[in-house]
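Peer 1: Encoded as structure tokens, here's the structure I'll be asking about.
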Amino acid sequence: MQASRIASRVTAATAVAGTAVLALSVPAFAHVTVQPEGPAAKGGYAVVDFKVPNERDNASTTEIEVNFPADHPLASVMPEPVAGWNVKVTKAKLDKPLTVHGEKLDEAVTKVTWTAADGTGIRPGYFQKFPLSLGALPENTDQLVFKAIQTYSDKEVVRWIEVPQTGQDEPENPAPVLQLSAATDDHHGTAGPEDASDRTANASADSGAGSHDTDTTARVLGVVGIVVGVAGVAYGVLAGRRRTA
1185 MQASRIASRV TAATAVAGTA VLALSVPAFA HVTVQPEGPA AKGGYAVVDF
1235 KVPNERDNAS TTEIEVNFPA DHPLASVMPE PVAGWNVKVT KAKLDKPLTV
1285 HGEKLDEAVT KVTWTAADGT GIRPGYFQKF PLSLGALPEN TDQLVFKAIQ
1335 TYSDKEVVRW IEVPQTGQDE PENPAPVLQL SAATDDHHGT AGPEDASDRT
1385 ANASADSGAG SHDTDTTARV LGVVGIVVGV AGVAYGVLAG RRRTA
């Protein structure tokens, strides 16, 4: 009897603890976040997804605005088409021009805005990903902070603009933060253009591999031919001996 009571209490305590953990974890997944599709290396290019969940039960998300960091401007920002959404890329003049791959650029993207084309947007209980190709990523920082503004169909606006601080609790409305990895040798990352030299080297390697395969096939056929020839000669000799006998 006592053992069953203890088991019941443990089960109840576990259930309460599980419910508490779930209640604490749910809001953490409800923020607007940004994640790279592969590495986001310093000095390179990357495709990133802005994940926007709908936190309301009676309204849809009809617009999402992502503002880019002014202290680390990006020269190249290209959105991927998202069905049911219109996208607008806003640029502005730079106080100090950027030099990217040997070219000077005097403007950069300041924000990207997605608006639901038919007013439906992100319905309650759903989320949507908005992909962007970014580059070249800065080499003098470990992260990029994007401040996002989410608008609902009932005109409510939620500002995801609070910058998370190391060693402190997560703010109520944290801004999306993109963590950057160490720089790579090619500085192209996952979405950068392929060098002509790389393509030439790859073509040469493929050609060399093809030549090697051809040589190997020729050698195998040659050996097979020799074996067949020797077998034929041996058969002829044996046949001659039998006829003589």
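So in the working numbering, spot 127 of the sequence shown is number 1311, and the numbers just go up one at a time. Each residue gets a CB set at the ideal place from its N, CA and C atoms; glycine is no exception. Since this is a predicted model, take the numbers as computed values, not measurements.
1) Would you report the Cα separation of Ile1333 and Gly1286, rounded to the nearest angstrom?
2) With DSSP run on the structure shown, which of helix, strand or coil describes Ala1224?
3) Does the beta-carbon of Gln1312 have 16 or more other beta-carbons within 10 angstroms, so that it is buried, or is it exposed?
4) Identify every residue that forms a DSSP beta bridge with Thr1297.
5) Alpha carbon to alpha carbon, how far is Gly1373 from Met1262?
6) I want to know whether the region 1231 to 1250 touches the region 1289 to 1306 - three or more CB-CB distances under 8 angstroms.
7) Out of Glu1291, Pro1237, Ala1292 and Gly1227, point me to the one whose CA is closest to Val1218's CA.
8) Look up Lys1235 in the DSSP assignment and give the residues it is bridged to.
9) Go ahead and pull the three-state DSSP assignment for Ala1292.
10) Going by the beta-carbon positions, is the gap between Val1216 and Leu1316 smaller than 7 angstroms?
11) Quick check for students: name the residue ranges of the beta strand (DSSP E) that lie wholly in the region 1337 to 1371, counting only runs of 3 or more.
12) Once you ignore the five residues that flank Pro1220 on each side, which residues in its own chain have a CB closer than 6 angstroms to its CB?
13) Secondary structure at Ala1332, three-state DSSP: helix, strand or coil?
14) Mind checking Gly1303: buried by the 16 CB within 10 Å criterion, or exposed?
15) Is the distance from the Cβ of Leu1282 to the Cβ of Ala1259 below 7 angstroms?
16) Of all the options Ser1365, Leu1364, Val1329 and Thr1335, which has the alpha carbon lying nearest to the alpha carbon of Gln1349?
Peer 2: Taking the coordinates as given:
1) Taking C-alpha positions only, Ile1333 is separated from Gly1286 by approximately 34 angstroms.
2) Ala1224: coil per DSSP, three-state reduction.
3) Buried.
4) For Thr1297, which the question treats as bridged, DSSP gives the partners Glu1249 and Lys1272.
5) Legend: pLDDT at Gly1373 = 48, less than 50; position of this residue unreliable, no value from coordinates given.
6) The region 1231 to 1250, when compared against the region 1289 to 1306, does touch it at the 8 angstroms Cβ threshold.
7) Checking every option, the nearest Cα to that of Val1218 belongs to Pro1237.
8) In the DSSP assignment, the residues bridged to Lys1235 are Thr1217 and Lys1313.
9) Of the three classes helix, strand and coil, the one that applies to Ala1292 here is strand, per DSSP.
10) Contact: no.
11) Listed in chain order, the complete beta strand (DSSP E) runs (minimum 3 residues) inside the region 1337 to 1371 are 1341 to 1344 and 1361 to 1363.
12) Excluding positions up to five away in sequence, the list reads Ala1230 and Val1232.
13) Residue state, collapsed to three classes: strand.
14) Gly1303 is exposed by the Cβ-count criterion.
15) A contact, by the Cβ cut-off of 7 angstroms.
16) Checked all of Ser1365, Leu1364, Val1329 and Thr1335; the closest Cα to Gln1349 is Val1329.
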